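Taking it in order: structure first as structure tokens, then the write-up.
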Amino acid sequence: MSELIWIVGASTGIGNELTKQLLKEGHRIIASARHIEPLEELRKDFSTHLIPLRLDVSDAEEVAKICQQLIDQGDLPDRIIMCAGIYFPVTATKVKEASVAKVMDVNFMGCVRITEHMLPHMQSRGTGHLVYVSSIAGYIGLPKALAYGPSKAALINFAEGLRIELANTDIKVQLVNPGFVKTPLTEQNTFKMPFLMEVEDAAGRMRQGMNSSQFEIKFPKRFTYMLRMIQMLPYALSLKLLSARTNR
Ligand SMILES: NC(=O)c1ccc[n+]([C@@H]2O[C@H](COP(=O)([O-])OP(=O)(O)OC[C@H]3O[C@@H](n4cnc5c(N)ncnc54)[C@H](OP(=O)(O)O)[C@@H]3O)[C@@H](O)[C@H]2O)c1
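Structure representation (structure tokens):
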């Protein structure tokens with residue numbers, strides 16, 4: 272069945288690929304980002320099915336305004352996929368409040384803002400689907416991720432709580448935890464990324480997962496299970512293991 276889907280963070284990477292794949296499936300897509308030129312370009316092929324929207328999720332007023340605008344024009348989405356995210360390395364010698372706050376503001380607070388303004392309308396309607404794109408970096412602390420990791424850990428915790436609270440409703444909450452995916456975000460990584468996936472594959476796994484009732488959509492399986500197992504070990508072992516694997 273065709274849905275109205277809002278993809279937040281749709282100009283590049285996973286969000287952009289999802290936009291293309293979900294358009295081909297026949298859905299109507301509201302695609303937002305700060306830079307909408309790539310989406311305007313895509314619109315040439317999909318015209319009325321694609322609505323590009325300029326939105327910076329770190330601007331609370333703008334998020335409130337855009338959400339209200341969608342509601343007022345009768346465009347309450349059936350599904351919202353929150354993909355907007357930023358990453359830059361923050362290491363032990365580079366911990367700065369401003370850098371950590373910036374990443375938290377986009378990766379975590381951006382999702383909180385959209386939830387604040389859209390969830391009440393989904394609750395009034397009685398149906399909805401919220402998809403939060405976090406990361407395996409939120410499972411456990413990793414080097415260089417002293418801002419990114421905490422933002423994704425917060426998002427995992429937020430989605431878990433929301434899923435429990437909304438368990439007996441028709442509002443589905445899902446969490447996506449990808450491993451490494453080849454996108455502009457990972458282009459800056461200088462280390463060899465294990466189990467690096469193509470963006471088409473990652474978006475395909477997400478589409479499949481979103482059609483299921485599972486809470487967590489994670490891929491690639493081998494890498495994500497490996498990290499989950501490390502996370503369950505006592506710290507004496509897990510931190511030693513991660514240190515040996517990453518401090519090289
Ligand atoms: N690639 C990976 O290996 C990987 C792994 C795990 C999780 N993830 C997560 O997957 C999501 C997508 O990442 P990606 O790899 O596809 O990266 P990407 O290509 O850099 O895409 C990030 C998207 O977020 C948007 N964005 C960034 N800041 C924004 C802001 N302030 N307001 C609104 N939109 C903003 C960007 O658009 P504009 O710049 O035009 O605003 C872009 O569309 C992120 O949440 C990321 O943390 C990625």
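For the sequence shown, the numbering used here assigns the number 272 to the initial residue and increments by one for each residue that follows. Backbone N, C-alpha and C define an ideal beta-carbon position, used for all residues, glycine too. Keep in mind it's a predicted model, so treat the numbers as computed, not measured.
Under DSSP, E387 takes part in no beta bridge, so it has no partner. For the 8 angstroms CB-CB criterion, E487 and N448 form a contact. Put simply, the backbone Cα of A473 is about 18 angstroms away from that of W277. Taking G381 as reference, the option from R493, G399 and A425 with the minimal CA-CA separation is A425.
Pairwise C-beta distances place the stretch 435 to 443 out of contact with the stretch 412 to 424, as fewer than three of them are shorter than 8 angstroms.
Where V374 is concerned, the enclosing alpha helix (DSSP H) starts and stops at E368 to M375. In the DSSP assignment, Y403 is bridged to M353 and L446.
Counting only the Cα atoms, L289 lies some 33 angstroms from K367. In the DSSP assignment, A304 falls within the unbroken beta strand (DSSP E) covering R299 to A304. Burial of G409 is indicated by the presence of at least 16 other C-beta atoms within 10 angstroms of its C-beta. By the neighbour-count criterion, in which a residue is buried when 16 or more other Cβ atoms sit within 10 angstroms of its Cβ, Q445 is buried.
Burial state of N460 is exposed, judged by a 10 Å Cβ sphere holding fewer than 16 other Cβ atoms.
Beta-bridge partners assigned by DSSP to T398: D441. When DSSP reads this structure, E487 sits in a beta bridge with L446. In terms of side-chain proximity, the C-beta atom of I435 is found no nearer than 7 angstroms to any non-hydrogen atom of ligand 1.
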